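Enquirer: Okay, here's the structure, questions in a sec.
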Amino acid sequence: MKRTIPMIITFIVGMLVIISEFVPHKPFGPIAGTLENWFLIIAGFTIILGVLSLIRMNSIKIKSRAENWQYFLAGLISFGVMVLVGVFWGMQESSGILGHGEKISAWLGTPPTKPFDYLFNNLFIHLSATMFSLLAFYIASAAYRAFIIRSFESNLLMITAVIIMLGRTSLGTIMTGWLPPSLQFLHLPRIADYIMMYPNSAAQRAIMISAALGVIGSSLRIILGIERSYLGGGK
Amino acid sequence: MAEIMTIIGIWIGVFLTFSIFSFLYRDNPFYRFAEQVFVGLSAAYGFIYIIYNVLVPNLFTPVLSDFNQNWLLIIPGVLGVLMLVRIYPPAEWISRYPLAVVIGTSAGISLLFYLKSDFMNQIAATMINPFETPNVSAISGGLLIIIGTICGVYFFYFSKRQEGVFAIPSRIGIWFLMVSFGASFGYTVMARISLLIGRIEFLLTDWLHIIK
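Chains as they are written, first to last, in our numbering: chain R, 3 to 237; chain E, 391 to 602.
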């Protein structure tokens, strides 16, 4: 009951969605639409599950005074504050349980900014942009490591990367813009366009076709009950 | 007051920006603090976003405004709540029922989506006549598309050992893949540099007012 019924549910639901594609009439058409809406709602709860798990893990670390527990407390507090202001006064056009909070919004900025949006604009955006911009520094060392593997393939990768970077910025135009019309095929932006349009498209297509075959195979295995790892261990 | 709050917001942004950048020197308490705040805010943003953009319009509003028409939505609501049981290990198995609905639906949708858009459409788009145009660049490009796609797909064929003559198309496929990875790497570098420029621009414009 604990494993068989979920497998039967997966089979029925998966088959209904597939059948509805080929038989878009009643009852299959509306059923598939309903199932897709249900999927959206249940998937929404999985985000809540992830958040609950994060709270639990942080709480355990704080309770047991694990190493660096103070930082986990800071994470938990920032989470709690942002959730509370979001629930009380909403986000963007959505209203919270206390309404739109016109007074506090007018207090926080011009034009009026909701507390959730204030935190989003002044904390979250700065943190995420800086966190990802850190990679700009580390990518240089990654490029160096790729360069020292002196195989033909690694050279191909790095030469393409350099051409794309030069070709997509004004530097490429400055470097090769003076070339006469007879040598315009050496114009870096043109070479970058050619790479993106043909060899890159071909490789992307190969990846997409191969990945699609993999996904189709895995989906069939799941629907037919051959792949059961999503059920987890135990009976 | 709004002006003061805007200035405070900028100073908080500056503090967090420098806290993250301090990691370039080495791991330190400022970075760890900013990192955990980022984790907390990201989780909170995801949580609130899902509530207002998924659960409220698709579940709560329809059920509360017209229950007779939308009573069926109680089922995904209950299944969603059952999903949360997963955090209590003795009752973890109950979450397999909602998980089965999610997995079954996503498997069905993925199968159809990838079959149409990524498999059939991509194969159809590769069936081109490269010689239908007099342009040398387009002819060579068309040939590259056909050869690159076939050799690339062949590279991902692992059911038979690729040796001797059979290894040649695979090797050509790797070259095409390397060109594509190089292009992606180039774009990634540019995106990160662009973010870095954005950060420096924030510091010089909004904070120090050096750039007007």
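All residues carry an ideal CB built from backbone N, CA and C; glycine is no exception.
Computed from a predicted structure; not experimentally measured.
1) Could you pull out every residue in the same chain whose Cβ sits closer than 7 Å to the Cβ of GLN552 (chain E), ignoring the five residues on either side in sequence?
2) To the nearest whole angstrom, what separates the beta carbons of TYR487 (chain E) and LEU472 (chain E), a pair I think is in contact under 8 Å?
3) Can you pull the DSSP bridge partners for GLY98 (chain R)?
4) Give the residues of chain R in contact with PRO488 (chain E), contact being defined as C-beta atoms less than 8 Å apart.
5) Which residues in the same chain have their Cβ closer than 6 Å to the Cβ of LEU608 (chain E), if we skip the five residues on either side of it in sequence?
6) Look up ASP508 (chain E) in the DSSP assignment and say whether it is helix, strand or coil.
7) TYR504 (chain E) versus chain R: which residues are under 7 Å apart at the beta carbon?
8) Can you name the residues of chain E whose CB is closer than 7 Å to the CB of ILE11 (chain R)?
9) So with Cβ pairs under 8 Å, would you call THR407 (chain E) a contact of chain R?
10) Report the residues of the region 465–484 of chain E with a CB closer than 8 Å to any CB of chain R, ordered along the chain.
11) Could one say the Cβ of PHE566 (chain E) lies closer than 8 Å to chain R's Cβ atoms, at least one of them?
12) Step through the CB atoms of chain E and report whether any lies within less than 8 Å of the CB of ARG58 (chain R).
13) Under a Cβ-count criterion, where at least 16 other Cβ atoms within 10 Å of its own Cβ denotes burial, should TRP461 (chain E) be classed as buried or exposed?
14) Can you tell me whether DSSP reads PRO113 (chain R) as helix, strand or coil?
15) Using a Cβ cut-off of 7 Å, which residues of the region 392–426 of chain E contact any Cβ in chain R, in chain order?
16) According to the neighbour-count rule (16 or more other Cβ atoms, all chains shown, within 10 Å of its Cβ), is GLN426 (chain E) buried or exposed?
17) Mark GLY98 (chain R) as exposed unless 16 or more other C-beta atoms lie within 10 angstroms of its C-beta, in which case mark it buried.
18) Using a Cβ-Cβ cut-off of 7 Å (strictly less than) and excluding sequence neighbours within five positions of ALA34 (chain R), which residues of its own chain qualify?
19) If you follow the alpha helix (DSSP H) that VAL164 (chain R) is in, where does it begin and where does it stop?
20) From ASP596 (chain E) to ASN443 (chain E), what distance separates their C-alpha atoms?
21) Can ASN124 (chain R) and GLY399 (chain E) be called in contact, C-beta distance under 8 Å?
22) Buried or exposed: which applies to TYR478 (chain E), given that a residue is buried once 16 or more other Cβ atoms fall within 10 Å of its Cβ?
23) I need the boundaries of the alpha helix (DSSP H) containing PRO452 (chain E), first residue and last residue.
24) Show which residues of chain E have a CB atom less than 7 Å away from the CB atom of TYR73 (chain R).
25) Touch check for the region 133–152 of chain R and the region 569–582 of chain E: three-plus C-beta pairs under 8 Å?
26) I want to see whether chain R comes within less than 8 Å of ARG551 (chain E), judged by CB atoms only; does it?
27) Buried or exposed for ARG589 (chain E), please, with buried defined as at least 16 other CB atoms from any protein chain shown within 10 angstroms of its CB.
28) Answer with yes or no whether the minimum CB distance from GLN512 (chain E) to chain R is below 8 Å.
29) Are the C-beta of MET210 (chain R) and some C-beta of chain E separated by less than 8 Å?
30) Using a C-beta to C-beta distance shorter than 7 Å, which residues of chain R count as neighbours of ILE583 (chain E)?
31) Can you have a look at MET84 (chain R) and say buried or exposed, based on whether 16 or more other CB atoms are within 10 angstroms of its CB?
32) Taking DSSP as the reference, what is the three-state secondary structure of VAL89 (chain R)?
33) Along chain R, in chain order, which residues have C-beta atoms closer than 8 Å to that of PHE521 (chain E)?
34) With a threshold of 8 Å between beta carbons, is GLN186 (chain R) in contact with chain E?
35) Assuming PRO239 (chain R) and ALA108 (chain R) make a contact with CB atoms under 8 Å, what is their CB distance in whole Å?
36) Which residue's Cα is closest to the Cα of ILE79 (chain R): E:ILE562, E:SER432 and E:ILE587?
Expert: So, from the listed chains and residues:
1) SER560
2) 6 Å
3) R:GLY101
4) ILE44 and PHE47
5) Examination of residue 608 (chain E) is not possible in this model, given that chain E is present from 391 through 602 alone.
6) helix
7) ALA214, VAL217 and ILE218
8) TYR487, ALA490, VAL491 and GLY494
9) yes
10) ILE465, PRO466, GLY467, LEU469, GLY470, VAL471, MET473, LEU474, ARG476, ILE477, GLU482 and TRP483
11) By this cut-off, PHE566 (chain E) is an interface position.
12) At a cut-off of 8 Å between C-beta atoms, ARG58 (chain R) counts as an interface residue with respect to chain E.
13) Counting Cβ neighbours within 10 Å, TRP461 (chain E) comes out exposed, since fewer than 16 surround it.
14) DSSP places PRO113 (chain R) in coil when its eight states are reduced to three.
15) Hits within the stretch, in order: ALA392, MET395, THR396, GLY399, ILE402, GLY403, LEU406, THR407, ILE410, PHE411, PHE413, LEU414, ARG422, PHE423, ALA424 and GLN426.
16) buried
17) buried
18) LEU18, VAL19 and SER22
19) 154–169
20) 31 Å
21) yes
22) TYR478 (chain E) should be labelled exposed.
23) 451–455
24) At a C-beta separation below 7 Å, TYR73 (chain R) has these neighbours in chain E: ARG422, PHE423 and GLN426.
25) yes
26) Using a CB distance cut-off of 8 Å, ARG551 (chain E) does not count as an interface residue toward chain R.
27) buried
28) yes
29) Taking 8 Å as the threshold, the shortest C-beta distance from MET210 (chain R) to chain E falls below it.
30) By Cβ distance, chain R contributes ALA138.
31) Label assigned to MET84 (chain R): buried.
32) helix
33) Residues of chain R passing the Cβ test: none, with the nearest at roughly 15 Å.
34) no
35) Because chain R in this structure spans residues 3 to 237, residue 239 (chain R) falls outside the shown range and cannot be described.
36) E:SER432
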